[in-house]
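Here the structure is laid out as structure tokens; the discussion comes afterwards.
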Amino acid sequence: MRSGRHNTYLPSCQHCYTHFETENGVSRHLAQKHSCHEKEAQRLAAVSRNLFDAHTHIEQTRRISPDGEEIPYDYDMMPLDAEMDTDINYHLLAMPDVPPPPPPEYATQDEDENDRYVEDYDGVAGMPMSDVVQPTRFEFLACNIPLNNSSFGPFVDEKEWDLAKWIMKSLGKGTTDELLKTDFVREREPSFHNARKLYQIIDSLPDSTAWKCDFIKVEGDVMNLNGTPMTETYPLWRRDAIEIIQELIGNPTFRNDIAYFPERAYTDAQGTCRIYDELWTA
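Reminder that position 272 of the sequence shown reads as 272 in UniProt numbering, one-by-one numbering, no gaps.
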């Protein structure tokens, strides 16, 4: 059994400074490690007390008339330097002091007692099913989509790609048209002269795994006029799981991150506490 080493530093547990790859990893850590679980429970309890104290303080400052009605304050008649009874002690809402985050290499998951130990699979896995090599979807698209002699096609170059990316993230259609009409942009002659043309270029790019829509009819517990249960139709959007796996495996971006062998992961060297956090660890 080998101990796995993780080099990511965020997110982390704010109690022991252990770093994890995902927020779910932090949640599992807080659930499994007793000391951090207790500290987190104390922190949440303190927050709850602060909120309750603040609410109680507000209730105590309310002025009630003899007939049980709340008396509103006449703020116009109060002197500017008068201390208002309705002032809220906002320090009551303050979160408990939290230690500052450690520097990146202060602690990693390997240095924590809650380590990760992996039992490798000793069988055969990840072997090709055929000797015939089929191109991946990424390779097929790269060979069949015109790129205008540019790695950033259908855009002219990386600068135009960055401009289009910034426009799509930051501007709407109207402001995009205004930007593209400025002399500064027009002098550079981008391949899109308005928002409509830019959207057409983006729509021509290959998409990810296609979404499919199914309509599901749900029967309720309310009867209609003829005595039968009323129904309502809901759309269910989904993607094919097999196609998603094919895309992930065929994408060179994830070449070094795909695991083809199953493994068992544990939080201790004795293998008494199993970890289920990836498709290949289940």
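For glycine and all other residues, C-beta sits at the position ideal for the given N, C-alpha and C.
Worksheet item: Can you tell me the Cα-Cα spacing of Asp-277 and Pro-128, whole angstroms?
Response: Stepping through the sequence shown from its first residue, residue 277 is reached at position 277. Stepping through the sequence shown from its first residue, residue 128 is reached at position 128. Cα to Cα, Asp-277 sits roughly 26 Å from Pro-128.
Practice prompt. Label His-34 either buried or exposed according to how many other C-beta atoms from any shown protein chain fall within 10 Å of its C-beta, with 16 as the threshold for buried.
Written response: Looking up residue 34 in the sequence shown gives position 34. The Cβ neighbour count for His-34, taken over all protein chains shown within 10 Å, is under 16; the residue is labelled exposed.
Item to complete: Taking only the alpha-carbon atoms, compute the straight-line gap between Asp-207 and Ser-130 and give it to the nearest angstrom.
Response: Position 207 of the sequence shown, counted from the first residue, corresponds to residue 207. Position 130 of the sequence shown, counted from the first residue, corresponds to residue 130. Here the C-alpha atom of Asp-207 lies approximately 28 Å from the C-alpha atom of Ser-130.
Worksheet item: Closest to Asp-221 by CA distance: which of Thr-231, Cys-213, Lys-212 and Asp-214 is it?
Response: Here the question's residue 221 lines up with position 221 in the sequence shown. Asp-221 has its Cα closest to that of Thr-231, out of Thr-231, Cys-213, Lys-212 and Asp-214.
Discussion item. Using 8 Å as the cut-off, can you tell me whether the stretch 116-127 makes contact with the stretch 254-266, which would need three or more C-beta pairs spanning the two stretches below that distance?
Written reply: yes
Practice prompt. From the DSSP output, in three-state form, read off Gly-126 for me.
Written response: By 1-based counting over the sequence shown, the position of residue 126 is 126. The answer is coil: DSSP assigns Gly-126 none of H, G, I, E or B.
Discussion item. Buried or exposed for Cys-273, going by 16 or more other Cβ atoms inside 10 Å?
Written reply: Your numbering for residue 273 matches position 273 in the sequence shown. When all chains shown are included, Cys-273 counts as exposed.
Worksheet item: Mind pulling the alpha helix (DSSP H) runs of 4 or more residues that sit fully within the UniProt domain "C2H2-type" (13-34)?
Response: 23-32
Practice prompt. Please name the residue, chosen from Leu-205, Leu-179 and Ala-210, that lies closest to Ile-242 on a Cα-to-Cα basis.
Written response: Against the sequence shown, residue 242 aligns to sequence position 242. The residue with the shortest Cα to Cα distance from Ile-242 is Ala-210.
Fill in: Exposure label - Ser-12; buried when at least 16 CB within 10 Å
If you number the sequence shown from 1, residue 12 lands on position 12. Ser-12 comes out buried.
Item to complete: Could you pull out every residue in the same chain whose Cβ sits closer than 6 Å to the Cβ of Ala-259, ignoring the five residues on either side in sequence?
Response: For the purposes of this step, residue 259 is taken as the residue at position 259 of the sequence shown. Trp-280.
Fill in: Cβ pair His-193, Leu-180 closer than 7 Å
Translated into the one-based positions of the sequence shown, residue 193 becomes position 193. Translated into the one-based positions of the sequence shown, residue 180 becomes position 180. Yes, Cβ-Cβ distance for His-193 and Leu-180 is below 7 Å.
Worksheet entry | Assigned secondary structure, Thr-253 (DSSP; H/G/I helix, E/B strand, else coil) | In the sequence shown, residue 253 corresponds to position 253, counting from 1. In the structure shown, Thr-253 adopts helical secondary structure according to DSSP, grouped into three states.
Worksheet item: For the stretch 183-252, which segments carrying the alpha helix (DSSP H) assignment without a break, of at least 4 residues, lie completely within its bounds, in sequence order?
Response: Runs of the alpha helix (DSSP H) spanning 4 or more residues and lying entirely within the stretch 183-252 occur at 183-186, 195-203 and 241-250, in chain order.
Item to complete: Let me know if Glu-38 comes out buried or exposed under the rule of 16 or more other beta-carbons within 10 Å of its beta-carbon.
Response: Within the sequence shown, the letter at position 38 stands for residue 38. Glu-38 should be labelled exposed.
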